[in-house]
Structures are given as structure tokens and as C-alpha cells.
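Q: Going by numbering that gives the first Met the number 0, the first residue of the sequence shown is number 0, and it counts up by one from there. Ideal placement from N, C-alpha and C gives every residue a C-beta, glycine not left out.
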Amino acid sequence: MATSPSSSVVSTTEDSGGSPTISFIHPDILQTHFLPRLDGFSLTSLSCASSYLHSISTVESLWRDVSISQWPSINHPRVQRIITSFRNGHRSFFSDCFPLLSLPVDPTCHHPNRPSDTPEIISAVDIYYQSTLIFSKVHETDASTEWFEYPSFRVDLIDPKENLRTPIEMKSLKDLEENLTLSWIVIDPTRKRAANFSSFRRVSVERHWLTRDIRVKYATILAGNGFGSLEPEFVECKVVVTCGRKEEGMLHLKEVCMQVEDMRGNPLNGKDSLGFLVHAMEYGKRERGDEERKRYNKQYLEFKSERRQRKLVKRRIHALKVGCVAVGISIAVALCWLFLVINNL
0 MATSPSSSVV
10 STTEDSGGSP
20 TISFIHPDIL
30 QTHFLPRLDG
40 FSLTSLSCAS
50 SYLHSISTVE
60 SLWRDVSISQ
70 WPSINHPRVQ
80 RIITSFRNGH
90 RSFFSDCFPL
100 LSLPVDPTCH
110 HPNRPSDTPE
120 IISAVDIYYQ
130 STLIFSKVHE
140 TDASTEWFEY
150 PSFRVDLIDP
160 KENLRTPIEM
170 KSLKDLEENL
180 TLSWIVIDPT
190 RKRAANFSSF
200 RRVSVERHWL
210 TRDIRVKYAT
220 ILAGNGFGSL
230 EPEFVECKVV
240 VTCGRKEEGM
250 LHLKEVCMQV
260 EDMRGNPLNG
270 KDSLGFLVHA
280 MEYGKRERGD
290 EERKRYNKQY
300 LEFKSERRQR
310 KLVKRRIHAL
320 KVGCVAVGIS
330 IAVALCWLFL
340 VINNL
């Protein structure tokens, strides 16, 4: 008769000459004192080591604690109810959101033009300065109205009149560049999928020339497949955090927002943006490692280079049009002057 992991106390192997294995330790001890000390990646690796370790490391409460430790914002009653409805609960949610998205261009992965059965999306956002949590919020976006579909898609987490004070002393632009990290998880309650659309670390940091506020940008490149009127191309899901400094020298958050832009830098409407986000949640690869990070950085630089090229071409075409108009006006003026001169002779 087979025994469950909880009833197993001692196990031996012939290869080790009858010496005790890891299952010699009671599973309650492992689940109480050892497994809770691991992060999600280590816990996932451990569960692949043996069937016994897999059975004791897939407990829902364990993955719930790991997920909340990684992303405190998901410890929200509504978000918790949605995550428990995922296929494997918090374990499925963690595998969706960690590591970050890595999206290849795959034309065979088509998605409906408008995900009509996605009436809302939920954003769970956490911002850290080093190891200190300075911002955590859950935001629900209604995607079922015409107001959402056609204006430019933008999710704002801070009211324009708000100015959130943090316990962090603002030192310099370089300090924020190195120490400010962000996680922006988008959850689809209908499809029971999620993804982290942040690059975790910034892709650019710049100071506004007038207000002297610092804008920290995070971005993920999404593969396009011709949603709506768009041609197949890359789009950029960008998150901008605007930071200011008050008299007391403390860091203040003025803006935390997300937008999806095309290759020309134009913001997409809600209909097309939702299509790209849902497509990414369903078909995006999740990979980990330095090589993957290098590949993503290269991909982002290529995206920015192509965007600059398109803007340059657009400016040249505009300059050519202006030149043609100017030449046309000059010719018209010259002809009029010539006509007047001839009439006066």
C-alpha cells in the first residue's frame, strides 16, 4: 500500500548502502523550518529534484507566502480570490509572473482582434528602493466600455493632485538609477493569467529641464501580430515613475503610469493595447539568466534604434514636403512678378 509524504519518515537507497536520504527528515519539519526560507526560484528548482521533494513543495500556503513576499501588493482580498482560482493557485501565478517576459516574434500565435471576454484587467504594482518598499497598490481597470476602447490607453496610479512622500532621502539621479526597482503585474481575471510587464530595472533616467523632476522609465517590448489596424511590428509597454524632491530632501512620487506605444512613439488606444497585453500573457516566454537579460537589452536597443530611424525618415519626409511647398510658392510668386513686369512694358 502506497504511503503519502506526510506518513513517510525514513527512506533508504541501495546506491548509498542503506544510508538515510532527505526523506529521513519528517516532511512537517521541512515544510515548517526549511522550505519557507527559500525564494520562489529556489523552491521551483528544489521541486524538480525528486518526486518526494515535489510533493512537499507544492503546498498552496507555501507558494502564497512566497508570492506575497515577492509582490506585497497581491495581498489584496480581491487579488487573492482571483489567484486561488488559477489552475494551480499561487504556484501558477508565480510561474506566470517570474521571471520577466521574453517575447519572440511568432506570427503563428494569433489572438482575437478584441479580447471581448476580458471585461477588466487588474494591476498590482510594487516599487522598491533597495530593499525598502516605498509604493504598493492594486488598480482595477474597466475594459468593457467604449470609453476604454478608443482613447489612448493609460493607467495612472497616482492622482495628479497627490504627492506621495516616501521615507527615502533623495540623493542624486544616479542613486535612483541604481536602486529604484519596479514590478507591474497585470492580471486577467477571466483567462486566469498574469504577467509582469516591467523591466524590473530602469531602461532610462532623465531630469525634466523645467521642473527638475526625475523621470525613471521601465519598459517591455511586446511582439505585434496586427491587432486592429496595426501592421505586425513591435510595441513598447512602458512604465514611467516621476520623482520629485521637497525642502526636507525626501523623495516624493508624483506619477506612476503605464502606456503602450507603437514604433513611432504614438500611444495605442485601449482596444489595441488590451490585445497586446492579453497576447503577451498567453504566449510570452518567461526565461531567466544573464544571457536572457543581455538578449533583452539588445532587443530594446534595436527597438529604440528602429524608432529613431522611423522618426528620422518621418522628419525628412516632412522637410521634403515643406521644401516642395516652398518651391511651389516661390515659383508662383516669380510667375506673378514676371506677369506684372510684362504687363507694365
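Where DSSP assigns a beta bridge to residue 215, which residues make up the other side?
A: DSSP lists 204 and 240 as partners of residue 215.
Q: Applying the 10 Å Cβ sphere with the 16-neighbour rule, what's the burial state of residue 330?
A: By the neighbour-count rule (16 or more Cβ atoms within 10 Å), residue 330 is not buried but exposed.
Q: Can you tell me where the beta strand (DSSP E) with residue 271 in it begins and where it stops?
A: Segment 269-282 is the alpha helix (DSSP H) holding residue 271; no beta strand (DSSP E) there.
Q: According to DSSP, is residue 261 part of a helix, a strand, or is it coil?
A: Coil, per DSSP.
Q: Could you spell out the range, first to last residue, of the alpha helix (DSSP H) harbouring residue 160?
A: Unbroken run through residue 160: none, as it is neither H nor E.
Q: Measure the CB-CB distance between residue 219 and residue 196 and report whether it falls below 8 Å.
A: Taking 8 Å as the Cβ cut-off, residue 219 and residue 196 qualify as a contacting pair.
Q: In the DSSP assignment, find the unbroken beta strand (DSSP E) run with residue 120 in it and report its ends.
A: 119-128 is the extent of the beta strand (DSSP E) around residue 120.
Q: Which word fits residue 62, buried or exposed, when buried means at least 16 other C-beta atoms lie within 10 angstroms of its C-beta?
A: It counts as buried.
Q: Going by alpha carbons, who is nearest to residue 50 out of 70, 74 and 22?
A: Comparing Cα positions, the closest option is 22.
Q: Who are the near neighbours of residue 91 in its chain, counting only those whose CB is closer than 6 Å to its CB and skipping five residues on each side?
A: Around residue 91: 85.
Q: Rounded to the nearest angstrom, how far is the Cβ of residue 39 from that of residue 69, given a contact under 8 Å?
A: Confirmed, about 6 Å.
Q: Tell me whether the beta-carbon of residue 215 lies closer than 8 Å to the beta-carbon of residue 240.
A: Contact: yes.
Q: Measuring only the C-alpha atoms, how far is residue 284 from residue 222?
A: So the alpha carbons of these two residues sit roughly 11 Å apart.
Q: Please list, in chain order, all residues of the same chain as residue 332 whose beta carbon is under 6 Å from its beta carbon, the five residues on each side excluded.
A: Excluding positions up to five away in sequence, the list is empty.
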